[in-house]
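At position 196 of the sequence shown the residue is numbered 195 (numbering that gives the first Met the number 0), and the sequence of numbers has no breaks.
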Amino acid sequence: MALQVNEIFYSIQGESTFTGRPCVFVRLTGCNLRCRWCDTGYAFYEGRALTVEQVLEQVRAYKCPLVEITGGEPLLQDEVHSLIDRLLAEGYEVLVETGGSLDVGRLDPRVVKILDLKAPGSDMDRLNNLDNLQYLDRKDQIKFVVVDRRDYEWARRMMAEHALAEKAQVLFSPVFSELHPRELAEWILADRLPARLQIQLHKYLWDPDQRGV
Ligand code: SF4
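Quick look at the structure:
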């Protein structure tokens, strides 16, 4: 069985609590969501078939212990679990970033799950799978991408209703070029919210439209 792979690249991790660390990214093809502000639409269809072994060969070549599997939606492809098993067996630290609509219960507990909860501004909030919250632990991360004050208040309410800060790390990320990070920072500070602001560091280091960074 092969994986449909959009791209494999080595960069600085720009999001999550791993921000700033060198990381190999394996971006899988396909997504079942269509977030209004999505910045990786090129991953919906473009890609090539690679076996797990071929993916591993490319990952190993970067000699980097941190690997993130992302998309698109990486959980759409069943073979992703074989890739994760092999990466873990070889000693890699593995992050999986998912849009939050599919079941994360099958992921190996050693994987760091980065789970989106889609706010209303994405137009995908109806597809959040809240059953996934039961599978999170303190190393895992819940990410809210926030486009405006309405999204912020929705995320703040979700944090309170589901005690999210007690379950996992909570990340707030402004939609690039739509909400200024400073505005989001001020809201978080005013509410003394136990959340971490992140700013997609890679978009400040390189051209924000550049792929493979
Ligand atoms: S889940 Fe991610 S890849 Fe899919 S549409 Fe939303 S932002 Fe884009």
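Note that the Cβ used here is the ideal one computed from N, Cα and C, for glycine as well.
- DSSP, read as helix, strand or coil, puts residue 124 in helix.
- Between the ligand SF4 and residue 26, a heavy atom-to-CB distance of less than 6 Å is absent.
- In the DSSP assignment, residue 22 is bridged to 10.
- The C-alpha of residue 140 lies about 21 Å from the C-alpha of residue 202.
- Between residue 73 and residue 27, the beta carbon gap of about 5 Å places them in contact (Cβ cut-off 8 Å).
- Around the C-beta of residue 150, 16 or more other C-beta atoms lie within 10 Å, and the residue is accordingly described as buried.
- At least one heavy atom of the ligand SF4 sits closer than 6 Å to the Cβ of residue 33.
- For the pair residue 39 and residue 200, the CB atoms are not nearer than the 7 Å cut-off.
- Taking all protein chains shown into account, residue 14 has 16 or more neighbouring C-beta atoms within 10 Å of its C-beta and is therefore buried.
- In the three-state reduction of the DSSP assignment, residue 81 falls in the helix class, which pools H, G and I.
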